[in-house]
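Visitor: Top to bottom, those sequences are chains L and C.
Take 1 as the starting number for the first sequence in the working numbering and just add one per residue.
Take 1 as the starting number for the second sequence in the working numbering and just add one per residue.
Pasting a structure below so you can have a look.
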Amino acid sequence: MSELKISCEAIREVEAVCETFHNDPGELIAILHAVQNKLGYLPEEVQRVIARKLGIPASKVYGVVTFYSFFSMTPKGRNPVSVCLGTACYVRGSDKVLEEFKRVLGIEVGETTPDGRFSLDCLRCVGACGLAPVATIGEKVYGRLNPSDIKKIVAEFED
Amino acid sequence: MKITSADALEGIRRSAAEALAVREEGDRSVSQEACGLDKGTPHLQVLCCGGTGCKASESAKIVENFRQSLREHGIADKVDVLVPGCFGFCEKGPIVKIIPDSTFYTSVRPDDVEEIVTSHIIGGSKVERLLYQDPSSGQHISDSKHMEFYRKQLRIALRNCGFIDPENILEYIARDGYKALADSLKRDSLEVLSDIKASGLRGRGGAGFPTGVKWEIARKFDAPDKYVVCNADEGDPGAFMDRSIMEGDPNSVIEAMMICGYCINAHHGLIYIRAEYPLAVHRLQVAIAQAREYGLLGKDILGSGFDFDIEIRYGAGAFVCGEETALIHSMEGKRGEPTLKPPFPAEAGYFGRPTNVNNVETLANVPVILTRGPQWFASIGTEKSKGTKVFALAGKINNVGLIEVPMGTTLREIIYDIGGGVKNGKKFKAVQTGGPSGGCLTEKHLDIPIDYESLAAAGSMMGSGGMIVMDEDDCMVSVAKFFLEFTVGESCGKCTPCRIGNKRMLEILDRITEGRGKMEDIDKLENLAKVIKDTALCGLGQTSPNPVLSTLANFREEYVEHVRDHVCRARKCKALLTYSIDPVLCKGCSLCARNCPAEAIAGEVRKPFVINPEKCIRCGMCLSRCKFGAIHVI
Numbered sequence: 001m002s003e004l005k006i007s008c009e010a011i012r013e014v015e016a017v018c019e020t021f022h023n024d025p026g027e028l029i030a031i032l033h034a035v036q037n038k039l040g041y042l043p044e045e046v047q048r049v050i051a052r053k054l055g056i057p058a059s060k061v062y063g064v065v066t067f068y069s070f071f072s073m074t075p076k077g078r079n080p081v082s083v084c085l086g087t088a089c090y091v092r093g094s095d096k097v098l099e100e101f102k103r104v105l106g107i108e109v110g111e112t113t114p115d116g117r118f119s120l121d122c123l124r125c126v127g128a129c130g131l132a133p134v135a136t137i138g139e140k141v142y143g144r145l146n147p148s149d150i151k152k153i154v155a156e157f158e159d
Numbered sequence: 001m002k003i004t005s006a007d008a009l010e011g012i013r014r015s016a017a018e019a020l021a022v023r024e025e026g027d028r029s030v031s032q033e034a035c036g037l038d039k040g041t042p043h044l045q046v047l048c049c050g051g052t053g054c055k056a057s058e059s060a061k062i063v064e065n066f067r068q069s070l071r072e073h074g075i076a077d078k079v080d081v082l083v084p085g086c087f088g089f090c091e092k093g094p095i096v097k098i099i100p101d102s103t104f105y106t107s108v109r110p111d112d113v114e115e116i117v118t119s120h121i122i123g124g125s126k127v128e129r130l131l132y133q134d135p136s137s138g139q140h141i142s143d144s145k146h147m148e149f150y151r152k153q154l155r156i157a158l159r160n161c162g163f164i165d166p167e168n169i170l171e172y173i174a175r176d177g178y179k180a181l182a183d184s185l186k187r188d189s190l191e192v193l194s195d196i197k198a199s200g201l202r203g204r205g206g207a208g209f210p211t212g213v214k215w216e217i218a219r220k221f222d223a224p225d226k227y228v229v230c231n232a233d234e235g236d237p238g239a240f241m242d243r244s245i246m247e248g249d250p251n252s253v254i255e256a257m258m259i260c261g262y263c264i265n266a267h268h269g270l271i272y273i274r275a276e277y278p279l280a281v282h283r284l285q286v287a288i289a290q291a292r293e294y295g296l297l298g299k300d301i302l303g304s305g306f307d308f309d310i311e312i313r314y315g316a317g318a319f320v321c322g323e324e325t326a327l328i329h330s331m332e333g334k335r336g337e338p339t340l341k342p343p344f345p346a347e348a349g350y351f352g353r354p355t356n357v358n359n360v361e362t363l364a365n366v367p368v369i370l371t372r373g374p375q376w377f378a379s380i381g382t383e384k385s386k387g388t389k390v391f392a393l394a395g396k397i398n399n400v401g402l403i404e405v406p407m408g409t410t411l412r413e414i415i416y417d418i419g420g421g422v423k424n425g426k427k428f429k430a431v432q433t434g435g436p437s438g439g440c441l442t443e444k445h446l447d448i449p450i451d452y453e454s455l456a457a458a459g460s461m462m463g464s465g466g467m468i469v470m471d472e473d474d475c476m477v478s479v480a481k482f483f484l485e486f487t488v489g490e491s492c493g494k495c496t497p498c499r500i501g502n503k504r505m506l507e508i509l510d511r512i513t514e515g516r517g518k519m520e521d522i523d524k525l526e527n528l529a530k531v532i533k534d535t536a537l538c539g540l541g542q543t544s545p546n547p548v549l550s551t552l553a554n555f556r557e558e559y560v561e562h563v564r565d566h567v568c569r570a571r572k573c574k575a576l577l578t579y580s581i582d583p584v585l586c587k588g589c590s591l592c593a594r595n596c597p598a599e600a601i602a603g604e605v606r607k608p609f610v611i612n613p614e615k616c617i618r619c620g621m622c623l624s625r626c627k628f629g630a631i632h633v634i
C-alpha cells in the first residue's frame, strides 16, 4: 500500500458517497464521478477505499479509472487548460496552439505546473466549432486562437 | 399538475400553441418591417441562442444585458427573453432573434444589446449593422428564411431547436409534443411499430440499421425487465449533432424512448450521456423532472395503464462506448469493452436483460414520423435512405454550423450553397465524413447524392454526422495520422488487430511524415489496414483504418511525395520544412526575431535577418508575423 496522503475526513466523504449509491458495484462509474467532483482527482488510496466499500478488487476500480479519460489520478491545476483537438479545431491549427501552451507553461499534456496554477489537457470537441481553434481554461472558452495569443491569455491568470 | 388523458393534453396544447404562433415565420416573400412598442406592437419576444457554441461567445451575458436593459426601460413585462437551443448558424453566433418580425441578428456582442432594445424593440427600426450580409449580393437579410445557409435545409430532427424554450415542456407540447405518444397509447403497439418500419427510418449513429427492424427484434424477447437505451455518447471529435438536439429539444428524445418502450414492451429507459456535456445533462434533467410533474413519465401514463420512467447514466470519455455492447458494459459500471455479437443486446443487454439501443438523432425523428405519418417521412430522401440527416459542418468552410438536409442532397450543395464555400478563397481539397471511422472524399465525389450506400461505396461512411472541410493547406497524410492517433488513444485494447495493428500503422505514418519512410511502407500500410478492417472485434476497430485507406485511394501521390521526395505539399509536416528569409524582401524590422520562441533568428535592424536552421523549431511564428512576405518555406 502506498503512503497515506488523504485525510480521514476525505475517506469518510468517499465512504458516504458509496453509501448513497447503496455500495452497488454497478454504480461504480457514478461513484467515481461523485468522488472526483468532491476531491478533484482519484488517487490510489481513494480507489482502495471505494473497492473495499463495494466489495470488489482494487484492480477493478483501477481498471475503470484508467479506462476513461474523464477520470484523473493526479490533481488538476487551479486553472485547468484544455486544448480542443477535435477535427474541426485540428484543421484550423489547434496543434500549434497546443505546442504553444506546452512551451509557455513548460509542461506536457497531463501535467500540472509545479506551483499548481495550471494543468494542461486535450479534449475532443467543445461544440464551438465556429470558433475553432478553441481552448478552455476553467469554465471560460477561448476561441479563434492564434499561437501568438497564448502568452497574453496565460498572463491573465497570473496570481 | 398531472395530465391524465389525451384530451387534457390536447387542451394544454391548444392554449400553449397560441402563445407560440407568433414565432412561426410563415411564407413571406420579402423580409418584414420591424415591430416595436412605439409602433403599437403590444408584446415582443427576444430569443437568444443558448447552444454551446453561442454560450462560448458570451450569449449568457447577452441574455443578462437584455433582462437588465428591459427592466431599466420599464418594459420587462412587454418583452419576454427566452433561451432556445442551437439555431445552427454557429459561424455567425451569437444569434439573437426578435419576434414577431423574425429579425435574425448575427454576431451580437453584449454591448450591442442596448441598441437593439432602444432602436428595434422600442423604436421599431432594425439595427442594420447586425443583420446578416449576403456575401454575393452584399445585401442585408433580416430573416433566416432568405439566407442561403437555411434555404436548402429541412429541419425535422432539429424542428424545435432554436424555436422553443427547451426548459419549458409546455412549449414542446405546443408543437405537437407528446401527441405521438398519446396517439400511440390508444393504438395497438404492433401497429405503431409497423409505422416506424414503414417510414424507412435508419439508425443515425453511423451504421444505418433499420430502426423498426431493431425494435421488432427487441420486442420478440420477453422478460419482466427490458430496457430502452438512448445512446448520447457522442464521441466523434468535431461533431455536436446529438448534443444540440438534447440541448435544444430534450423532450423529443424522452417522448421517443417512451414510444419505443410501448412498442417493445419495456418500462425502463436509460440515457447514456457524456459527462463532458453539462448543459445537455442539465436540460435533460429539467425535461425529465417536468415530464414526471405532468404525469408524462411514471405510472399509468395518460390514463393508458402504461408505465415508463427514465434515468440518466454518465459516460466518462471513451469513444468506444458509442459501440452498443461497450456502452452497456459502461452503464454496468465496468470498463467499456465491446463483446462479440451475438448475443445482441436485444437478447441479452443491460445486466443480461433485453435492451434496445438507439441514437439521439434517430429518436428525435420518431415522434414526428408518427404525427405526420410514415408515408410523409418515406417521401423524403433517397430510395434506401429516408428522411434527413443532421451534419456538424466545420473546418475550412465559411458557414460553420449545424445543418439538416434531406438524404440525397449532394456534398457540393452542402459545401458551396449551405456552407458558402471554402474559407479565405482557398481551393477545396477534401471533405471528411464519418469521423475517425470515415474517410476523406475529393472533388470527384462532390456530386454524389448523400446516403448510407453512396458514401460507403465512395470509401467513407455516413457516420454520426461530422463533416469537416479541408483546403489545399491540409496534408492528407497528416490528417490520416491525426485520426489514427485518436483511434490508438481510444482503442480499448481488447483485440489484437486494433490494439497492435493500429499502433504499427501509426508508427509507419510517423516515419513517413518525418521523412524517414520507405516506398514499401506504403504497401505495408495498405495491407495492414485491410487486415485490421477484416479482423478487429468491434465497429471501432473495423472502421479505424478507413481514414488511411481513403487517403491512400484518393491522395496516394501525397504519400509518395513524402517518401520519395521528402516534400509535404501542404507544408504541414514540420520535419520536411526549411524556413529561410528572403534578403531582398526583408526590411530588417526584427519582428520575426523578437517573436521567435527558439531565438533562432538574428540580424541587425534595417538589414536582412537570417534563420539559423540548427536552432529553428519550424513553428511558423516568423511566417505568421512577417508583414513583408519575406519568410520562405520549402
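Where a beta carbon is used, it is the ideal one built from N, C-alpha and C, also for glycine.
What you are looking at is a predicted structure, and each value in this text was computed from that prediction instead of being measured.
Just reading off the alpha helix (DSSP H) that C:Ser454 is part of, what are its end residues?
Guide: For this step, residue 454 of chain C is matched to residue 454 along the second sequence. Unbroken alpha helix (DSSP H) run through C:Ser454: Tyr452 to Ala457.
Visitor: Keeping to the same chain, check which residues put their C-beta closer than 7 Å to that of C:Cys589; ignore five residues upstream and five downstream.
Guide: By 1-based counting over the second sequence, the position of residue 589 of chain C is 589. Cβ within range, chain order: n/a, list empty.
Visitor: Which same chain residues, not among the five before or five after C:Asn612, have their C-beta less than 8 Å away from its C-beta?
Guide: As a first step, residue 612 of chain C is located in the second sequence; it is residue number 612 there, counting from the start. Cβ within range, chain order: Ala600, Ile601 and Ala602.
Visitor: Quick check: the Cα distance between C:Arg14 and C:Lys2, rounded to an integer number of angstroms?
Guide: Counting from one through the second sequence, the residue named residue 14 of chain C turns up at place 14. Counting from one through the second sequence, the residue named residue 2 of chain C turns up at place 2. Cα-Cα distance, rounded: 17 Å.
Visitor: Quick check on C:Lys423: does DSSP put it in helix, strand or coil?
Guide: Walking along the second sequence from the start, residue 423 of chain C turns up at place 423. Three-state DSSP puts C:Lys423 in a helix.
Visitor: Let me know if C:Asn546 comes out buried or exposed under the rule of 16 or more other beta-carbons within 10 Å of its beta-carbon.
Guide: Walking along the second sequence from the start, residue 546 of chain C turns up at place 546. Flag for C:Asn546 reads buried.
Visitor: Measure the alpha-carbon distance for C:Tyr416 versus C:Val81 and round it to whole angstroms.
Guide: For this step, residue 416 of chain C is matched to residue 416 along the second sequence. For this step, residue 81 of chain C is matched to residue 81 along the second sequence. Rounded to whole angstroms, C:Tyr416 to C:Val81 spans 34 Å at the Cα level.
Visitor: Would you say C:Pro497 and C:Gly465 are within 8 Å of each other, going by their C-beta atoms?
Guide: Mapped onto the second sequence, residue 497 of chain C falls at position 497. Mapped onto the second sequence, residue 465 of chain C falls at position 465. Cβ atoms of C:Pro497 and C:Gly465: not closer than 8 Å.
Visitor: Any residues in the region 469 to 487 of chain C with a beta carbon nearer than 7 Å to a beta carbon of chain L? Which ones, in chain order?
Guide: From the region 469 to 487 of chain C, only Met470, Asp474 and Phe482 have a Cβ closer than 7 Å to chain L.
Visitor: From what residue to what residue does the alpha helix (DSSP H) around L:Ile6 run?
Guide: If you number the first sequence from 1, residue 6 of chain L lands on position 6. Per DSSP, L:Ile6 belongs to no alpha helix (DSSP H) and is neither H nor E.
Visitor: Anything in chain C within Cβ reach of L:Thr87, meaning under 9 Å, just list it in chain order.
Guide: Working through the first sequence from its first residue, we reach residue 87 of chain L at position 87. Result: Asp236, Pro237, Gly238, Ala239, Ala394, Gly395, Gln432, Gly435, Pro436, Gly466, Ile468, Val479, Phe482, Phe483 and Phe486.
Visitor: By Cβ distance below 6 Å, which residues in the same chain neighbour C:Pro436 in space, the five residues on each side in sequence not counted?
Guide: Mapped onto the second sequence, residue 436 of chain C falls at position 436. Contacts found: Phe483, Phe486 and Thr487.
Visitor: What are the residues that DSSP puts in a beta bridge with C:Asp471?
Guide: The sequence position of residue 471 of chain C within the second sequence is 471, counting from 1. Answer by DSSP bridge pairing, in chain order: C:Phe428.
Visitor: Pull up the distance between the alpha-carbon of L:Gly116 and that of C:Tyr579, whole angstroms please.
Guide: Position 116 of the first sequence, counted from the first residue, corresponds to residue 116 of chain L. Position 579 of the second sequence, counted from the first residue, corresponds to residue 579 of chain C. Each residue's Cα considered, the two are about 37 Å apart.
Visitor: Taking the DSSP output, what are the residues bridged to C:Asp176?
Guide: Start at 1 with the first residue of the second sequence, and residue 176 of chain C comes out as number 176. DSSP lists no partner for C:Asp176.
Visitor: Measuring CB to CB, does C:Ala318 end up less than 8 Å from C:Gly336?
Guide: Numbered from 1 along the second sequence, position 318 holds the residue referred to as residue 318 of chain C. Numbered from 1 along the second sequence, position 336 holds the residue referred to as residue 336 of chain C. Going by C-beta atoms, C:Ala318 is nearer than 8 Å to C:Gly336.
Visitor: Can you name the residues that DSSP bridges to C:Ala392?
Guide: Here residue 392 of chain C refers to the residue found at position 392 of the second sequence. Looking at the DSSP assignment, C:Ala392 forms a beta bridge with C:Leu402 and C:Gly466.
Visitor: Which residues of chain C have a Cβ atom closer than 7 Å to the Cβ of L:Tyr90, listed in chain order?
Guide: Here residue 90 of chain L refers to the residue found at position 90 of the first sequence. Those are Phe482, listed as they occur along chain C.
Visitor: Count the other C-beta atoms from every protein chain shown that fall within 10 angstroms of the C-beta of C:Ile500, then say buried if there are 16 or more, exposed otherwise.
Guide: Locating residue 500 of chain C in the second sequence gives position 500, where the first residue counts as 1. Classification for C:Ile500: exposed.
Visitor: Quick check: what's the CA-CA separation for C:Lys220 versus C:Tyr294?
Guide: Translated into the one-based positions of the second sequence, residue 220 of chain C becomes position 220. Translated into the one-based positions of the second sequence, residue 294 of chain C becomes position 294. The alpha-carbon atoms of C:Lys220 and C:Tyr294 are separated by roughly 31 Å.
Visitor: Taking 8 Å as the CB-CB limit, is C:Gly50 close to chain L?
Guide: Position 50 of the second sequence, counted from the first residue, corresponds to residue 50 of chain C. Cβ-Cβ to chain L under 8 Å: no for C:Gly50.
Visitor: When you compare each of C:Met407, C:Gly493, C:Gly425 and C:Ala480 to C:Leu455 by their alpha carbons, which one comes out closest?
Guide: Along the second sequence, one-based indexing puts residue 455 of chain C at 455. Checked all of C:Met407, C:Gly493, C:Gly425 and C:Ala480; the closest Cα to C:Leu455 is C:Met407.
Visitor: Check whether chain C comes within 8 Å of L:Pro147, counting only Cβ atoms and requiring the distance to be less than that.
Guide: For this step, residue 147 of chain L is matched to residue 147 along the first sequence. True, the Cβ-Cβ gap to chain C drops below 8 Å.
Visitor: Would you report the Cα separation of C:Ala593 and C:Cys622, rounded to the nearest angstrom?
Guide: Counting from 1 along the second sequence, the entry for residue 593 of chain C is found at position 593. Counting from 1 along the second sequence, the entry for residue 622 of chain C is found at position 622. C-alpha separation (whole angstroms): 7 Å.
Visitor: May I ask you to list the residues that DSSP assigns as paired with C:Thr210?
Guide: Locating residue 210 of chain C in the second sequence gives position 210, counting from the first residue. Looking at the sequence provided, one finds Pro at residue 210 of chain C rather than Thr. In the DSSP output, where bridge partners are listed per residue, C:Pro210 has C:Arg202.
Visitor: Under 8 Å, CB to CB, which of the residues in the region 612 to 628 of chain C have a partner in chain B?
Guide: Checking the listed chains, one finds no chain B in this structure; the protein chains it contains are L and C.
Visitor: Assign C:Ala711 to one of three DSSP states: helix, strand, or coil.
Guide: Beyond the ends of chain C as shown, which are 1 and 634, falls residue 711 of chain C; an answer cannot be given.
Visitor: Please classify L:His22 as buried or exposed, where buried requires at least 16 neighbouring CB atoms within 10 angstroms.
Guide: Against the first sequence, residue 22 of chain L aligns to sequence position 22. Its Cβ having fewer than 16 others within 10 Å, L:His22 is exposed.
Visitor: Distance check for L:Gly40 and C:Ala6, CA to CA, integer angstroms please.
Guide: Locating residue 6 of chain C in the second sequence gives position 6, where the first residue counts as 1. Locating residue 40 of chain L in the first sequence gives position 40, where the first residue counts as 1. C-alpha separation (whole angstroms): 48 Å.
Visitor: Any residues in the region 567 to 601 of chain C with a beta carbon nearer than 8 Å to a beta carbon of chain L? Which ones, in chain order?
Guide: The region 567 to 601 of chain C vs chain L, Cβ under 8 Å: Asn595 and Pro597.
Visitor: DSSP on C:Arg571, reduced to helix/strand/coil?
Guide: Sequence index remark: in the second sequence, residue 571 of chain C carries index 571 (1-based). The answer is coil: DSSP assigns C:Arg571 none of H, G, I, E or B.
Visitor: For a contact meaning CB atoms closer than 8 Å, what does L:Phe118 contact in chain C?
Guide: As a first step, residue 118 of chain L must be located in the first sequence, where it is residue number 118. Chain C residues near L:Phe118: none, gap ~18 Å exceeds 8 Å.
Visitor: What's the C-alpha gap between C:His146 and C:Ser102?
Guide: For the purposes of this step, residue 146 of chain C is taken as the residue at position 146 of the second sequence. For the purposes of this step, residue 102 of chain C is taken as the residue at position 102 of the second sequence. Answer to the nearest angstrom: the Cα atoms are 11 Å apart.
Visitor: Work out the CA separation of C:Arg151 and C:Thr645 for me, nearest whole Å.
Guide: Nothing about residue 645 of chain C can be reported from this structure: the residues present for chain C run from 1 to 634 only.
Visitor: Suppose only complete runs of 4+ residues qualify. What are the alpha helix (DSSP H) ranges in the region 57 to 109 of chain L, listed by chain order?
Guide: Segments of the alpha helix (DSSP H) lying fully in the region 57 to 109 of chain L: 58 to 67, 87 to 91 and 94 to 105.
Visitor: Which word fits C:Asn356, buried or exposed, when buried means at least 16 other C-beta atoms lie within 10 angstroms of its C-beta?
Guide: Against the second sequence, residue 356 of chain C aligns to sequence position 356. Counting Cβ neighbours within 10 Å, C:Asn356 comes out buried, since at least 16 surround it.
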